[in-house]
Amino acid sequence: MNRIPLFKKVEALALGITVPVLLIGYTIFLLLTNEAVFWGRSSTAVYHGISAYLVSLLWFGVSGLLVGHFCLRTYHLLRRSSHKVFMWVSAILSSVGLVSAIVLA
-5 MNRIPLFKKV
5 EALALGITVP
15 VLLIGYTIFL
25 LLTNEAVFWG
35 RSSTAVYHGI
45 SAYLVSLLWF
55 GVSGLLVGHF
65 CLRTYHLLRR
75 SSHKVFMWVS
85 AILSSVGLVS
95 AIVLA
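Per my numbering, residue -5 is the first one in the sequence shown, and the count goes up by one each step.
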């Protein structure tokens, strides 16, 4: 088995597990009240109702990209083709959420 350096393990733990779990938890917490938040350059936009669900796709996609890049790729937990599909789905979710955040603003 390949030896993974310590900094890669810490990176996978922090950016591949901890940050996505916190981001998904916060997003779900806001969705329970039909809200979603988009943090822009110098302002924060709060969305309500259906637009909140569309904008929350951005954060679910970003979390998926973080997990896929820092955790799944480092430890080779998925086959290469499955990993590519996971990353593409996460990228599409991020794109849909970002476009929703821009259009619905």
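Glycine is no exception: its CB is placed at the ideal position from the N, C-alpha and C atoms.
Option nearest residue i by Cα separation, candidates the options
i, options, result
"G43", "F23, E29, S89 and I11", "E29"
"V90", "G19, R(-3), S50 and I22", "S50"
Inter-residue CB distance, residue i and residue j (contact presumed, cutoff 8 Å)
i, j, result
"A85", "F32", "With 8 Å as the limit, A85 and F32 do not qualify as a contact, their Cβ atoms being about 18 Å apart."
"L59", "S88", "7 Å"
"L52", "L9", "Actually they are not in contact, since the Cβ atoms of L52 and L9 sit about 18 Å apart, beyond 8 Å."
Beta-carbon proximity of residue i to residue j, cut-off 8 Å
i, j, result
"G62", "M81", "yes"
"L25", "A39", "no"
Residue i, enclosing alpha helix (DSSP H) - first and last residue
i, result
"H77", "R74 to V97"
Please specify which runs of the beta strand (DSSP E), each continuous and at least 3 residues long, are wholly inside the stretch 3 to 43, giving them in chain order. 29 to 33 and 38 to 42
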